[in-house]
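Residue numbers (this note's numbering): 12 to 512.
Below is the structure:
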């Protein structure tokens, strides 16, 4: 309440001060020329950008889907003299007062430096947008400067993009040459390995080994079964022909020689003929003696052939059992010989199968090492081919972008009068001036009020002296004239007689 009374007492002063401050300030604000601002948004990293991220070298990408653009550095580049110099030159064709740098004379308000006048900042957080803005007193100038600036930025980015694509294409071409040489190298090594080791493909070779192993094992089982049956038959025939083991071995060995068998046959025929002629003609007959002589010759030849075949024949060896075998046992002997021949053939076959199996096992063991080496070569060849395929795909993408002149920056805001905004903010400034004037006036009025030491109410007296109040004199404005200095006024009003002092 006391504050409001103080404001009421200083009301005229507060109003006067407010008007004295607000009116000149408002006039100055309203007299200022208007200020316009234009703002253009540029998308610097479109989602479908495929320039940097399309290169893949040695199985690794030279980029990725995430934004890797340093916006602070990019803004400094865009405001650098290298970029702004051609832009300023194009703007000076119509507005020569636009310079690259601010003038040294700060009093020259007509000239401005584009490095400070143009404002660039990143849009909202985590966006890929740059905001380019410019302020001027002329709408036409704002549009002209922004058009030339944005055009210069896009030309710069297009040139940078094409240069970057060209560098990437050159680099990719060199990598493709290296990849082709690497593919040719591994293909040559693979072909050389296949020829030297006789390996076509590991799977087919492994399947072939398994098939051969199964076949050999099956054949050996069949041979074992046949051998068992023939050996049993051989033992039965040996008992039937009643030959000693030594004789069986000799017969078996001699039975393999065709010339020996021919001598045995001729000796038997001679023995038979000699027996018949002796019975018929007698032992002294010349024909019988001739047959006897022929028999002795055949025996000598048979003995010589036997010694030749047996090499070291037993001393007590007698060949009578060979020529004295009964006719009914000849078929059994011949069958015995045939069975033994079959046994020898099967044994030879079994030995051959065993050797083949052993060789196959060695080859299988060696094949595991060969397979590892082949798989390593094949893997290196596949890696080289995949690398070459990726490089060729990247080259195709890069050339497509280069031929279509695709560059990543896009202007999101059309540069027309719709982007022009009033940047002077005169209404806000007027409101600020008025509010500030009111507060200044209140401060001055209250300062003067609280610096005044006069008492204007009983409450002020009580709060100041902090003593009991015994009484008050009623206020009567007519009593003021009774003071000595006011006698003339009192006489005029008829409050005292003229004779009163």
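In this text, a Cβ means the ideal position worked out from N, Cα and C, and glycines have one as well.
Just the C-alpha distance for residue i and residue j, rounded to the nearest angstrom, thanks.
{"i": "residue 222", "j": "residue 231", "result": "14 angstroms"}
{"i": "residue 100", "j": "residue 193", "result": "52 angstroms"}
{"i": "residue 160", "j": "residue 98", "result": "6 angstroms"}
{"i": "residue 430", "j": "residue 26", "result": "42 angstroms"}
{"i": "residue 407", "j": "residue 184", "result": "11 angstroms"}
{"i": "residue 171", "j": "residue 177", "result": "10 angstroms"}
{"i": "residue 427", "j": "residue 155", "result": "10 angstroms"}
{"i": "residue 361", "j": "residue 269", "result": "26 angstroms"}
{"i": "residue 399", "j": "residue 174", "result": "24 angstroms"}
{"i": "residue 265", "j": "residue 271", "result": "7 angstroms"}
{"i": "residue 447", "j": "residue 476", "result": "37 angstroms"}
{"i": "residue 225", "j": "residue 250", "result": "38 angstroms"}
{"i": "residue 128", "j": "residue 144", "result": "9 angstroms"}
{"i": "residue 233", "j": "residue 365", "result": "13 angstroms"}
{"i": "residue 287", "j": "residue 236", "result": "48 angstroms"}
{"i": "residue 151", "j": "residue 414", "result": "37 angstroms"}
{"i": "residue 425", "j": "residue 442", "result": "33 angstroms"}
{"i": "residue 473", "j": "residue 479", "result": "8 angstroms"}
{"i": "residue 126", "j": "residue 49", "result": "16 angstroms"}
{"i": "residue 285", "j": "residue 367", "result": "55 angstroms"}
{"i": "residue 70", "j": "residue 412", "result": "No answer about residue 70 holds up, because its pLDDT of 39 lies below 50 and its placement is not dependable."}
{"i": "residue 300", "j": "residue 355", "result": "43 angstroms"}
{"i": "residue 296", "j": "residue 289", "result": "8 angstroms"}
{"i": "residue 19", "j": "residue 45", "result": "40 angstroms"}
{"i": "residue 283", "j": "residue 244", "result": "31 angstroms"}
{"i": "residue 372", "j": "residue 228", "result": "12 angstroms"}
{"i": "residue 96", "j": "residue 90", "result": "10 angstroms"}
{"i": "residue 455", "j": "residue 445", "result": "15 angstroms"}
{"i": "residue 134", "j": "residue 114", "result": "30 angstroms"}
{"i": "residue 385", "j": "residue 189", "result": "23 angstroms"}
{"i": "residue 147", "j": "residue 124", "result": "12 angstroms"}
{"i": "residue 483", "j": "residue 452", "result": "36 angstroms"}
{"i": "residue 321", "j": "residue 369", "result": "34 angstroms"}
{"i": "residue 207", "j": "residue 358", "result": "35 angstroms"}
{"i": "residue 181", "j": "residue 410", "result": "11 angstroms"}
{"i": "residue 435", "j": "residue 401", "result": "57 angstroms"}
{"i": "residue 191", "j": "residue 203", "result": "18 angstroms"}
{"i": "residue 116", "j": "residue 122", "result": "9 angstroms"}
{"i": "residue 374", "j": "residue 179", "result": "50 angstroms"}
{"i": "residue 516", "j": "residue 35", "result": "Because residue 516 is not part of the residues shown, which for the chain are 12 to 512, the question remains open."}
{"i": "residue 84", "j": "residue 459", "result": "57 angstroms"}
{"i": "residue 88", "j": "residue 421", "result": "18 angstroms"}
Bridge partners for residue i per DSSP, in chain order?
{"i": "residue 109", "result": "123"}
{"i": "residue 431", "result": "49"}
{"i": "residue 147", "result": "47"}
{"i": "residue 421", "result": "54"}
{"i": "residue 133", "result": "141"}
Nearest CA to the CA of residue i: which residue from the options?
{"i": "residue 242", "options": "365, 96 and 352", "result": "352"}
{"i": "residue 248", "options": "299, 82, 374 and 348", "result": "348"}
{"i": "residue 86", "options": "356, 384 and 131", "result": "131"}
{"i": "residue 246", "options": "292, 290, 439 and 346", "result": "346"}
{"i": "residue 93", "options": "167, 462 and 133", "result": "167"}
{"i": "residue 318", "options": "282, 284, 201 and 261", "result": "261"}
{"i": "residue 39", "options": "437, 452 and 462", "result": "437"}
{"i": "residue 24", "options": "127, 433, 457 and 233", "result": "457"}
{"i": "residue 389", "options": "201, 114 and 292", "result": "201"}
{"i": "residue 22", "options": "449, 45 and 478", "result": "449"}
{"i": "residue 343", "options": "42, 253 and 462", "result": "253"}
{"i": "residue 383", "options": "205, 181 and 88", "result": "205"}
{"i": "residue 186", "options": "157, 405 and 470", "result": "405"}
{"i": "residue 47", "options": "282, 157, 134 and 423", "result": "157"}
{"i": "residue 302", "options": "320, 322, 279 and 321", "result": "279"}
{"i": "residue 306", "options": "281, 180 and 121", "result": "281"}
{"i": "residue 423", "options": "470, 387 and 165", "result": "165"}
{"i": "residue 37", "options": "470, 481, 440 and 462", "result": "440"}
{"i": "residue 432", "options": "82, 81, 15 and 153", "result": "153"}
{"i": "residue 350", "options": "179, 83, 240 and 42", "result": "240"}
Next on the checklist: With three or more beta-carbon pairs closer than 8 angstroms as the criterion, would you say the stretch 186-200 touches the stretch 392-408?
Outcome noted: As far as the Cβ criterion goes, the stretch 186-200 touches the stretch 392-408, which means the pair count is three or higher.
Next on the checklist: Does the contact criterion of 3 or more C-beta pairs under 8 angstroms hold for the stretch 270-282 versus the stretch 312-323?
Outcome noted: Touching, yes.
Item to check | Sufficient close CB pairs (3 or more, under 8 angstroms) joining the stretch 28-36 to the stretch 129-142 | outcome: These segments do not touch.
Checklist entry - Are the stretch 102-109 and the stretch 43-57 touching, with three or more C-beta to C-beta distances below 8 angstroms? => result The stretch 102-109 makes no contact with the stretch 43-57: fewer than 3 CB pairs, one atom from each, lie closer than 8 angstroms.
Checklist entry - Are three or more beta carbon pairs between the stretch 109-117 and the stretch 158-177 nearer than 8 angstroms? => result The stretch 109-117, when compared against the stretch 158-177, does not touch it at the 8 angstroms Cβ threshold.
Item to check | Runs of alpha helix (DSSP H) wholly within the stretch 258-302 (minimum 4 residues, chain order) | outcome: If only uninterrupted alpha helix (DSSP H) runs of at least 4 residues are considered, those enclosed by the stretch 258-302 are 269-292.
Checklist entry - Which runs of the beta strand (DSSP E), 3 residues or longer, sit entirely within the stretch 380-406? => result Uninterrupted beta strand (DSSP E) stretches at least 3 residues long and entirely within the stretch 380-406 do not occur.
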